[in-house]
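Numbering (the numbering used here), first residue to last: 6 to 264.
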């Protein structure tokens, strides 16, 4: 006989799912068949030709950028006849009554990453290109309490910024801050009218330069269509959070934040 476990998994972005047991891995494809269907939330583990040695705790784990969820169940195979005399592996002594009560995964929040030291210069650059409706939220987050003083400083910085940008750009427009798709890809984009086609464009995260590519195989990717430049960040992890900045040569152009 065979045993079949089914888990319904959903989440945004779509979680990665894997199965495991207490006694070891499930890599033997003739013994263990793991499957899912495109567009379906159902993930299946089938164990073929059951024996007493298959008695174990089996877990289905789903992981995405926001956390990890696990459901567990115990399989108990009772053999009859001569098979019951075979030596069995020692079974884990675990209290499974709660886990067997309902075949649902329970959220286990990951420990938050260590708090990073904030570079206030990056915060001011973030405010320079933030939507006005976000000023209060950013000030509260980074401890800026003098709201009027903040507005005065931004006005002073604006003139210097425009003079610097004018060396390399005719115009910058249509700034779109970071958003995350259901596939777990963060994107932000802007339109640049460069004075010189050969001007170099740099990407920074929290003040450090980030290398990027031009295809979907890279963690950080730049897509260009005419004057529109779109940056993508793939396979999001908690450590990807931070302030991202686009520079043309040495001129700060656009800053946005991934929370």
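Cβ coordinates follow ideal geometry from the N, Cα and C atoms, glycine included.
Values in this document were obtained by computation on a predicted structure and should not be read as measured data.
Own chain residues within Cβ distance below 6 Å of residue i, not counting five before or after
i, result
"residue 22", "14, 48 and 67"
"residue 261", "182, 183, 193 and 249"
"residue 185", "191"
The ligand NAD heavy atom lying under 7 Å from the CB of residue i
i, result
"residue 72", "Summarising the ligand content, the structure contains no ligands, and the ligand NAD is consequently not present."
Cβ-Cβ distance between residue i and residue j below 8 Å
i, j, result
"residue 242", "residue 192", "no"
"residue 211", "residue 183", "no"
"residue 198", "residue 175", "yes"
"residue 270", "residue 204", "Nothing can be reported for residue 270: it is not among the residues displayed for the chain, which extend from 6 to 264."
"residue 133", "residue 79", "no"
"residue 190", "residue 239", "yes"
"residue 187", "residue 17", "yes"
"residue 144", "residue 155", "yes"
"residue 62", "residue 77", "yes"
Opening and closing residue of the beta strand (DSSP E) in which residue i lies
i, result
"residue 194", "191 to 199"
"residue 39", "37 to 41"
"residue 69", "61 to 69"
"residue 51", "47 to 52"
"residue 73", "72 to 80"
"residue 217", "That residue, residue 217, is in no beta strand (DSSP E); it is neither H nor E in DSSP."
"residue 256", "256 to 263"
"residue 26", "21 to 26"
"residue 55", "Counting along the chain, residue 55 falls outside any beta strand (DSSP E), and DSSP gives it neither H nor E."
Boundaries of the alpha helix (DSSP H) in which residue i is found, first to last residue
i, result
"residue 161", "152 to 170"
"residue 131", "125 to 133"
"residue 146", "140 to 147"
Span separating the alpha-carbon of residue i from that of residue j
i, j, result
"residue 42", "residue 81", "28 Å"
"residue 160", "residue 136", "15 Å"
"residue 10", "residue 39", "10 Å"
"residue 152", "residue 230", "38 Å"
"residue 127", "residue 148", "14 Å"
"residue 219", "residue 226", "5 Å"
"residue 245", "residue 50", "33 Å"
"residue 214", "residue 202", "21 Å"
"residue 224", "residue 217", "7 Å"
"residue 106", "residue 74", "In this prediction, residue 106 scores a pLDDT of 45, lower than 50, which makes its location untrustworthy; no coordinate-derived value is stated."
Other residues of its chain near residue i: CB distance less than 8 Å, five sequence neighbours each side excluded
i, result
"residue 53", "7, 35, 36, 37 and 38"
"residue 177", "170, 195, 196, 197, 198, 258 and 259"
"residue 95", "Confidence at residue 95 is low in this model, with a pLDDT of 48, below 50, so its placement is unreliable and no value can be given for it."
"residue 130", "248, 250, 257 and 260"
"residue 109", "Residue placement at residue 109 cannot be trusted, given a pLDDT of 45 that sits under 50; the coordinates are not used to answer."
Same chain only: Cβ atoms within 7 Å of residue i, ignoring 5 sequence neighbours per side
i, result
"residue 179", "195 and 196"
"residue 124", "211 and 212"
"residue 200", "173, 174 and 175"
Assess, as a yes-or-no matter, whether the stretch 250 to 262 is touched by the stretch 203 to 220 under the definition of 3 or more beta carbon pairs within less than 8 Å.
-> yes
For the stretch 18 to 36 and the stretch 58 to 72, state whether three or more C-beta atom pairs, one from each stretch, are separated by less than 8 Å.
-> yes
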